[in-house]
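Report on the structure given below.
Numbering (the numbering used here), first residue to last: 92 to 530.
Right, here's the structure in full:
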């Protein structure tokens, strides 16, 4: 099977764009002197402080210091400790947040837990005094379906006088949403990692780290573990193709060797036997892919049947596709958005969600990203004068600096892409353990 012609063409185009400097056009920030490391790699869309350079192959990946959060007028910890079923929540003219959620089989694993967290957070906020007395209301609409259906769903949200929108995880629907909003209302994409969606001039912001950052960190982490030979699996296009391309570029630019890339169809491929036979002829140290986690587990089983033992490294798709609910993933590594340490805000939010609904969040890190979005919205709302002006709130988001969210601190530095900490987990006894924290 091997690398298909389509994937070969995609990688050649990617390399040509790098050489021509065209892929750098979407960049909104660049490394400072303090971010330089022993080896520097190509500039890609979504490069940001701390992820556009690589550690030396012999260096250890150290735990990054967490920047101190600036004081906020919204007490997030008090909110997370509130009773969502209080008898007397505050009332009044609310800050209304619309959630343009993709609840399909592709976007649902991210947007189901995120939209549930948004509704829950609004209850917590209103039972703990609001944003200095201002209640928060959340309205959710499913924007999956055809372009026409997406447009109608977004227009329905706007007709309810929402002041901020939260957006879906994949770029096709994300750009449909932005076509409707046309820069007149801020859109925060809670679970999306598509760097092209981050555009402060269009009031469009990512809440999560972006694919360029995540795949770069994955390559950095792999090299730090002494893994020098890799195989990737990809599916042409955004996310499923782009993550693997960036990983391969960064891995090879810093001394690694990508032995091959193999195709898969997201959600559908369940037979990797042909690829497994080829990989078994010359096994790598690590296999990296943004494929759905149940598919990676199938690949692992088929390779183990051939006697092949390698490391497995995934993008943030691991948790979004129920990684911790699956068997056959013990020892997997994955890049993600937060670590559920004892006493952390991510645990506080998940505990509150569990008490309220009777079950924990299906993807706590994605629920936590919604908490980050609320922290950013609160900061921008106060900075813009505590008025319900969508444009003023949207413009203020670009100036958010070191706001304390659920996953850590968040800064935009004038761009649509946040600067955040990125985590790498290893599955140990079926639970996340912290393998690395990279700033």
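Every residue, glycine too, gets a C-beta built ideally from N, C-alpha and C.
Where residue i falls, given that 16 or more other Cβ within 10 Å makes a residue buried
| i | result |
| --- | --- |
| residue 510 | buried |
| residue 392 | exposed |
| residue 378 | buried |
| residue 251 | exposed |
| residue 446 | exposed |
| residue 285 | buried |
| residue 168 | exposed |
| residue 125 | Annotation note: pLDDT 30 at residue 125 (below 50); position unreliable, no value reported. |
| residue 205 | buried |
| residue 502 | buried |
| residue 202 | buried |
| residue 257 | buried |
| residue 352 | buried |
Sequence-distant residues of the same chain with beta carbon closer than 6 Å to residue i, five excluded per side
| i | result |
| --- | --- |
| residue 523 | 516 |
| residue 154 | Below a pLDDT of 50, predicted positions are generally treated as unreliable, and residue 154, at 45, falls in that range; no measurement from the model is reported. |
| residue 487 | 471, 474 and 475 |
| residue 576 | Since the first residue of the chain shown is 92 and the last is 530, residue 576 is not available in this structure. |
| residue 200 | 411 and 412 |
| residue 498 | 428, 429, 459 and 463 |
| residue 300 | 511 and 513 |
Cross-strand partners of residue i (DSSP beta bridge)
| i | result |
| --- | --- |
| residue 50 | Missing from the structure shown is residue 50; the chain here goes from 92 to 530 and no further. |
| residue 379 | 323 and 404 |
| residue 225 | 222 |
| residue 230 | 189 |
| residue 354 | 325 |
| residue 501 | 494 |
| residue 427 | 514 |
| residue 290 | 295 |
| residue 527 | 515 |
| residue 161 | 494 |
| residue 348 | 320 |
Cβ-Cβ separation, residue j to residue i (assumed contact under 8 Å), whole Å
| i | j | result |
| --- | --- | --- |
| residue 179 | residue 470 | Not really, about 27 Å apart at Cβ, beyond 8 Å. |
| residue 514 | residue 430 | 5 Å |
| residue 538 | residue 298 | Since the first and last residues shown for the chain are 92 and 530, residue 538 lies out of range. |
| residue 255 | residue 468 | 6 Å |
| residue 170 | residue 215 | 5 Å |
| residue 326 | residue 357 | 5 Å |
| residue 253 | residue 187 | 5 Å |
| residue 458 | residue 440 | 6 Å |
| residue 367 | residue 394 | 5 Å |
| residue 341 | residue 388 | Residue 341 to residue 388, Cβ: 25 Å. No contact. |
| residue 384 | residue 414 | 4 Å |
| residue 172 | residue 461 | Contact doesn't hold; Cβ gap of about 17 Å is too wide. |
Cβ-based neighbour list, residue i, same chain, cut-off 8 Å, excluding 5 preceding and 5 following
| i | result |
| --- | --- |
| residue 159 | 493 and 500 |
| residue 234 | 191, 192, 193, 240, 241, 244, 245, 259, 264, 267 and 268 |
| residue 312 | 152, 404, 424, 426, 515, 526, 527 and 529 |
Chain-order list of residues whose beta-carbon lies under 7 Å from that of residue i (same chain, five-residue window excluded)
| i | result |
| --- | --- |
| residue 318 | 376, 377 and 402 |
| residue 374 | 399 and 401 |
| residue 465 | 212 |
Exercise for the section: Would you list, in sequence order, the uninterrupted beta strand (DSSP E) runs of no fewer than 3 residues that lie entirely inside the segment 410-492? Expected result: Taken in chain order, the unbroken stretches of beta strand (DSSP E) that lie wholly in the segment 410-492 and span 3 residues or more are 424-427.
Problem - Whole runs of the beta strand (DSSP E) within the segment 230-267, excluding any shorter than 3 residues - result: With a minimum length of 3 residues, the continuous beta strand (DSSP E) runs that stay inside the segment 230-267 are 255-258.
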